Structures are given as structure tokens and as C-alpha cells.
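Colleague:
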Amino acid sequence: MIRPRVFLTDDHLEFLKLEMAHLQLHFELVGTAADGASVVSEVLRLKPEVVVVDITMPKKTGIDAVRELVQSGPTSKFIFLTVHSGEEYVAACLEEGAAGFVNKSQMKAHLIRAIYAVLDGVPYIATSTSV
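In my numbering, the protein residues as written are 296 to 426.
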């Protein structure tokens with residue numbers, strides 16, 4: 296069975312390790328990045344099916360990285376996984392091309408479902424106030 300190819304980003308190494316442990320049984324993890332500039336170069340190089348992106352990162356925000364990647368034309372789907380949960384963040388991420396948004400407090404309950412949903416073309420939103 297071919298597993299979907301996923302790329303992870305987060306500037307906090309311990310949280311990145313948590314993400315990897317949570318996802319590795321379901322997906323092929325093709326790479327990671329801890330800053331927005333690396334996200335852009337690595338996603339263009341690796342061409343994953345899904346990119347899980349943090350908003351707040353050094354060198355370039357996740358929103359700026361996704362904007363640049365969408366303009367470059369990759370076929371990756373983008374899911375923001377972030378501590379931010381305000382409607383303005385969700386709207387900004389969706390406006391830049393994200394297919395999903397999951398608050399970090401909701402990761403265990405929603406991230407795997409979010410990845411499968413966006414792969415099926417279904418937007419997925421899970422903020423800290425979502426059920």
C-alpha cells in the first residue's frame with residue numbers, strides 16, 4: 296500500500312518530534328523544516344502530497360511560505376498546525392491556499408483526519424473551539 300507523502304514544519308524541535316511520532320504509522324514522512332525559507336526550498340525539491348505548516352517560524356512565516364509555494368505551482372495540499380486559533384488566522388491561511396487548519400491543542404484528535412480529508416479534496420478546520 297502506498298502511503299501519502301507528508302512534509303512537516305515547526306520551529307520547535309520537540310514538537311516536531313511529537314508530530315513525527317504521531318504521523319509516521321500512517322504516512323511517509325519525506326522531510327522536515329524549522330524555518331519558512333527551508334519550507335519553500337524543500338517542498339519544491341521533494342514535492343510531497345501534504346505539507347503541515349506552522350505559522351510562526353524564523354526567516355519566513357508559514358503563511359508567507361505557503362503563498363510563495365502556491366504561486367510556484369506545486370500540487371501539495373497545505374494544512375496549518377499552529378497555536379493560533381483566531382478567525383483572522385484561519386481566514387488568512389485559507390486565503391493563501393491552505394486546505395486545512397488544526398490548532399496544536401487538537402493535533403492528536405484531528406491531524407490525521409485533516410490530512411486524509413484534504414487529500415480527498417475536502418477542507419478541514421479544527422480550532423481550539425472546534426468539536
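Glycine is no exception: its CB is placed at the ideal position from the N, C-alpha and C atoms. Quick caveat: nothing in here was measured; it's all calculated off a predicted structure.
Should the segment 346 to 356 be regarded as contacting the segment 377 to 385, the criterion being three or more beta carbon pairs within less than 8 Å?
Modeller: The segment 346 to 356 vs the segment 377 to 385: in contact.
Colleague: Since T327 sits in a beta bridge, which residues does DSSP pair it with?
Modeller: For the purposes of this step, residue 327 is taken as residue 32 along the sequence shown, with counting starting at 1. Beta-bridge pairing links T327 to L303.
Colleague: What whole-angstrom Cβ distance do P343 and R408 have, given they're in contact under 8 Å?
Modeller: Position 48 of the sequence shown, counting from 1, holds the residue named residue 343. Position 113 of the sequence shown, counting from 1, holds the residue named residue 408. Not really, about 18 Å apart at Cβ, beyond 8 Å.
Colleague: Mapping DSSP to helix, strand and coil, what is G395?
Modeller: Taking the sequence shown and counting its residues from 1, the one referred to as residue 395 is at position 100. G395 falls in the strand class under three-state DSSP.
Colleague: For E314, count neighbouring Cβ atoms within 10 angstroms of its own Cβ and tell me buried if that reaches 16, exposed if not.
Modeller: Here residue 314 corresponds to residue number 19 of the sequence shown, with the count starting at 1. Per the 10 Å Cβ criterion, buried.
Colleague: Helix, strand or coil for L320, going by three-state DSSP, please let me know.
Modeller: To locate residue 320, count along the sequence shown from 1; it is residue 25. L320: coil per DSSP, three-state reduction.
Colleague: Does any heavy atom of the ligand FMN sit closer than 7 Å to the C-beta of L318?
Modeller: This structure lacks the ligand FMN, and indeed carries no ligand of any kind.
Colleague: In the DSSP assignment, find the alpha helix (DSSP H) that holds K342 and state where it starts and stops.
Modeller: Position 47 of the sequence shown holds residue 342. Element bounds for K342: n/a, residue is neither H nor E.
Colleague: Check the DSSP bridge columns for L376 and list the partner residues they point to.
Modeller: Here residue 376 refers to the residue found at position 81 of the sequence shown. In DSSP, L376 forms a bridge with V397.
Colleague: When you compare the CB positions of I358 and E391, do they come within less than 8 Å of one another, or not?
Modeller: Working through the sequence shown from its first residue, we reach residue 358 at position 63. Working through the sequence shown from its first residue, we reach residue 391 at position 96. The answer is yes: Cβ separation under 8 Å.
Colleague: Can you give me the C-alpha to C-alpha distance between F302 and G381, rounded to a whole angstrom?
Modeller: As a working mapping, residue 302 is identified with position 7 in the sequence shown. As a working mapping, residue 381 is identified with position 86 in the sequence shown. C-alpha separation (whole angstroms): 24 Å.
Colleague: V417 by DSSP, collapsed to three states: which one?
Modeller: In the sequence shown, counting from the first residue as 1, residue 417 sits at position 122. Correct three-state label for V417: coil.
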